[in-house]
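In the working numbering, the protein residues as written are 3 to 398.
Take a look at the structure:
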């Protein structure tokens, strides 16, 4: 099989890049290893900058018919009291909020819009395992499918296959890793009608993030990096007690709904980035280029922004029938490196004291919360940084 561009990975970066390139008339094949997009506890935040991209594509009214909830402020609750950390209502734009929308619905929407175009092809249950080379140049990918091996030849491979990218391993791209400040245990609890919660709470040895999903709460129980085995040894009773200490009505629901560790999913947080995102014929974007902490859900925003930049900068080259050269691939990395570095610096250093250091200590007065409490005007800046980011991208 041949295609002008093959995109590896059907996540936010891959699906957005495939759709945008196909809209430019570039023949695109997207390879997704799963048969559907139904994965629980994926990042489900749609930031103002992503909503603006959807609006620029003329799809916003249809997109917002997907069931979702809106968050206009992020409030941090510590023993020192509540602090509004980010106020999205104060940023400019027609969508000054974060939309919490199941990622599978977002990906289904992008896939459906892509399939409306003759230049878009999505192959599911097709797991890319390595690249096709000619000399030092990547000329496509090899994949396994239920029907047997598949080889897709292309002028450009866009690797959007996540933080454990097989594509970046196959071409030997070196990774620079930073110490992540936490790990996360995800689970869900049913939600009572009208029940409200602050977004983030601190406690002894944990931080709790609660996301309103309408019928249920998606809950992140944040623990010190590498402490999962300690948490399991302490038992579910400790987890139940910690969560109930934040919101008493959770106690009965925990006893009914979280009865086994199988109900709790571990996310081992990884923060890293490639020193070089490209090889001749291949470019990494999204988590394949830079794995982020889940803090603020900004990894999805950065992945979408990468896709928009790559499609805008490389689409005309591919449409002209030419393979992007090293200089053109490097230009995409230069364009996106500043936002990535800024967010990772904030996650690893500036927000490090927001997360627990051990299983005994309570985070009482994190520096970021103290600064924002003293200078409330900064809530607009933090919302801009989280929701829009540095160097936001546009479709055209």
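Backbone N, C-alpha and C fix where the C-beta goes; we use that ideal spot for every residue, glycine too.
Between residue 15 and residue 369, what straight-line distance do the alpha-carbon atoms span, to the nearest angstrom? Stepping through the chain shown from its first residue, residue 15 is reached at position 13. Stepping through the chain shown from its first residue, residue 369 is reached at position 367. Those two C-alpha atoms are separated by around 33 Å.
Close Cβ partners of residue 266 (< 6 Å) along its chain, the five nearest in sequence each way excluded: Here the question's residue 266 lines up with position 264 in the chain shown. Excluding residues within five positions, the ones whose Cβ falls inside 6 Å are 187, 189.
Please go through the segment 96-125 and give each complete beta strand (DSSP E) segment of 3 or more residues, from N-terminal end onward. Along the segment 96-125, the beta strand (DSSP E) occurs as fully enclosed runs of 3 or more residues at 100-102, listed in sequence order.
Count Cβ pairs between the segment 117-129 and the segment 15-25 that sit closer than 8 Å; are there 3 or more? Contact check between the segment 117-129 and the segment 15-25: three or more CB pairs, one atom from each, fall below 8 Å, which counts as touching.
Go ahead and label residue 253 buried or exposed: buried means 16 or more other beta carbons lie within 10 angstroms of its beta carbon, across all protein chains shown. Along the chain shown, read from residue 1 onward, the residue named residue 253 stands at position 251. So residue 253 ends up on the exposed side.
Extent of the continuous alpha helix (DSSP H) run through residue 257: Position 255 of the chain shown holds residue 257. Start and end: 252-259.
Within the continuous beta strand (DSSP E) that includes residue 61, where are the two ends? As a working note, residue 61 is residue 59 in the chain shown. Run containing residue 61: none; DSSP gives neither H nor E here.
Taking the alpha-carbon positions, what's the residue 415 to residue 395 distance? Because the chain in this structure spans residues 3 to 398, residue 415 falls outside the shown range and cannot be described.
With DSSP collapsed to three states, give me the class of residue 227. Within the chain shown, residue 227 is the residue found at index 225, counting from 1. Coil, per DSSP.
Is residue 391 buried or exposed, if buried means 16 or more other CB atoms sit within 10 Å of its CB? Walking along the chain shown from the start, residue 391 turns up at place 389. Burial call: buried.
Taking all protein chains shown into account, decide if residue 34 is buried (16 or more other Cβ within 10 angstroms of its Cβ) or exposed. For the purposes of this step, residue 34 is taken as residue 32 along the chain shown, with counting starting at 1. When all chains shown are included, residue 34 counts as buried.
Within 10 angstroms of the Cβ of residue 226, are there 16 or more other Cβ atoms? Answer buried if so, exposed if not. Counted from its first residue, the chain shown places residue 226 at position 224. Burial is judged here by how many other beta carbons sit within 10 angstroms of a residue's own beta carbon; residue 226 has at least 16 and is buried.
What three-state label does DSSP hand residue 392 in the structure shown? The count along the chain shown starts at 1 and reaches residue 392 at position 390. Residue state, collapsed to three classes: coil.
Taking the beta strand (DSSP E) that residue 203 falls in, what are its first and last residues? One-based indexing of the chain shown puts residue 203 at position 201. For residue 203, the enclosing beta strand (DSSP E) covers residues 202-205.
Helix, strand or coil: which one does DSSP assign to residue 40? The residue labelled residue 40 in the question sits at position 38 within the chain shown. When secondary structure is reduced to three states using DSSP, residue 40 falls in the coil class, being assigned neither helix nor strand.
Short of 8 Å in beta carbon distance, which residues of its chain neighbour residue 110, apart from the five on each side in sequence? Order them along the chain. Residue mapping note: residue 110 aligns to position 108 of the chain shown, counting from 1. Counting only Cβ-Cβ distances below 8 Å, and skipping sequence neighbours, we find 39.
Assuming residue 179 is part of the beta strand (DSSP E), what are its boundary residues? Along the chain shown, one-based indexing puts residue 179 at 177. For residue 179, the enclosing beta strand (DSSP E) starts and ends at 177-180.
First and last residue of the beta strand (DSSP E) that includes residue 31? To locate residue 31, count along the chain shown from 1; it is residue 29. Segment 30-34, the beta strand (DSSP E) holding residue 31.
Straight-line gap, residue 114 to residue 376 (C-alpha atoms, nearest Å): Residue 114 sits at position 112 when you count from the first residue of the chain shown. Residue 376 sits at position 374 when you count from the first residue of the chain shown. Those two C-alpha atoms are separated by around 47 Å.
Can you confirm whether the segment 208-216 touches the segment 163-178 when touching is taken to mean that 3 or more C-beta pairs between the two stretches lie within less than 8 Å? At 8 Å Cβ cutoff, the stretches do not touch.
Give the secondary structure of residue 194 by DSSP, where H, G and I count as helix, E and B as strand, and everything else as coil. For the purposes of this step, residue 194 is taken as the residue at position 192 of the chain shown. Secondary structure at residue 194: coil, using DSSP grouped into helix, strand and coil.
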